[in-house]
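In the working numbering, the protein residues as written are 7 to 100.
Yeah, the Cβ is synthetic: ideal placement off N, Cα and C, and Gly gets one too.
Every value quoted in this text rests on a predicted model; they were computed, and no experiment measured them.
Shown next, in structure tokens, is the structure this report addresses.
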């Protein structure tokens with residue numbers, strides 16, 4: 007659902023391009039232990055798990071809600087780009 011609703015959204019795509027963001031998708035259809043470990047790391051039990059990883063490794067990862075809006079995605083991308091300490095979205099440290 008997020009893929010069609012958010013990641014195909016024109017404004018989100020423009021923001022991804024503007025910030026030079028690469029989308030990475032992990033497919034857990036075959037139940038890979040390393041993906042299960044990452045899901046549990048964020049206290050989630052099912053997919054999707056959407057995480058924004060700031061380019062600055064000193065900044066915390068941004069864990070998105072399971073169902074996100076285009077506005078949520080843009081806000082998280084901007085937050086990651088600024089390296090801000092704002093708490094608009096759930097932030098999970100590595």
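Mapping DSSP to helix, strand and coil, what is residue i?
i	result
residue 85	helix
residue 73	coil
residue 53	coil
residue 43	helix
residue 13	helix
residue 25	coil
residue 32	coil
Leaving out the 5 sequence neighbours to the left and right, which residues in its chain are closer than 7 angstroms to residue i when beta-carbon positions are compared?
i	result
residue 24	none
Hey, residue i and residue j: beta-carbon distance below 8 angstroms or not?
i	j	result
residue 79	residue 28	no
Using C-beta distances below 6 angstroms, list every residue in its chain close to residue i, excluding the 5 sequence neighbours before and after it, in chain order.
i	result
residue 21	80 and 83
What is the C-beta distance between residue i and residue j, in whole angstroms, given that I count them as a contact (C-beta under 8 angstroms)?
i	j	result
residue 67	residue 7	That belief does not hold up - the Cβ atoms of residue 67 and residue 7 are roughly 22 angstroms apart, past 8 angstroms.
residue 34	residue 76	Rounded, the Cβ-Cβ distance is 24 angstroms, inconsistent with contact.
residue 58	residue 70	7 angstroms
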